[in-house]
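Under numbering that gives the first Met the number 0, the first residue of the sequence shown is numbered 0, with each subsequent residue one higher. The C-beta atom is built at its ideal place from N, Cα and C for all residues, glycine as well.
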Amino acid sequence: MIAGISIYEILTVTSILFFIGVYGFITRKNLISILMSIELILNASVINFVVINKYLYPDMLQGVFFSIFIIAVAAAETALAVSIIINLYRQIASVEVKDTEIMKY
Numbered sequence: 000m001i002a003g004i005s006i007y008e009i010l011t012v013t014s015i016l017f018f019i020g021v022y023g024f025i026t027r028k029n030l031i032s033i034l035m036s037i038e039l040i041l042n043a044s045v046i047n048f049v050v051i052n053k054y055l056y057p058d059m060l061q062g063v064f065f066s067i068f069i070i071a072v073a074a075a076e077t078a079l080a081v082s083i084i085i086n087l088y089r090q091i092a093s094v095e096v097k098d099t100e101i102m103k104y
């Protein structure tokens, strides 16, 4: 692992990042802020994959491969979400969650 930093400290930081993302996802009313919260959740899980893999199997790279896959999926998800948000903004001139009822029907 990293010299001077234990696995407990890294997992504590990633848990804090994860729950900050969950809190932001639940409480925010802006679509961009919600998207950033989702990215924070995904990044915390990526760091957990790498740290736990490095701790359990120091010579294997499965956690790194899963992390690269999650980063690729997160990039595609972000591109799609931003394009949807831009389209919504063009139609209703707002990115607030309460104003997105136009997509219901």
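Taking the alpha-carbon positions, what's the G23 to L55 distance? 31 Å
Sheet register partners of N86 (DSSP bridge): Per DSSP, none; premise fails for N86.
Inspect the beta-carbon positions of L16 and A43 and report whether they are closer than 7 Å. yes
Use the C-beta contact count for T26: other C-beta atoms within 10 angstroms, 16 or more gives buried, fewer gives exposed. exposed
Look at the alpha carbon of A78 and the alpha carbon of E38, and state the distance between them as a whole number of angstroms. 12 Å
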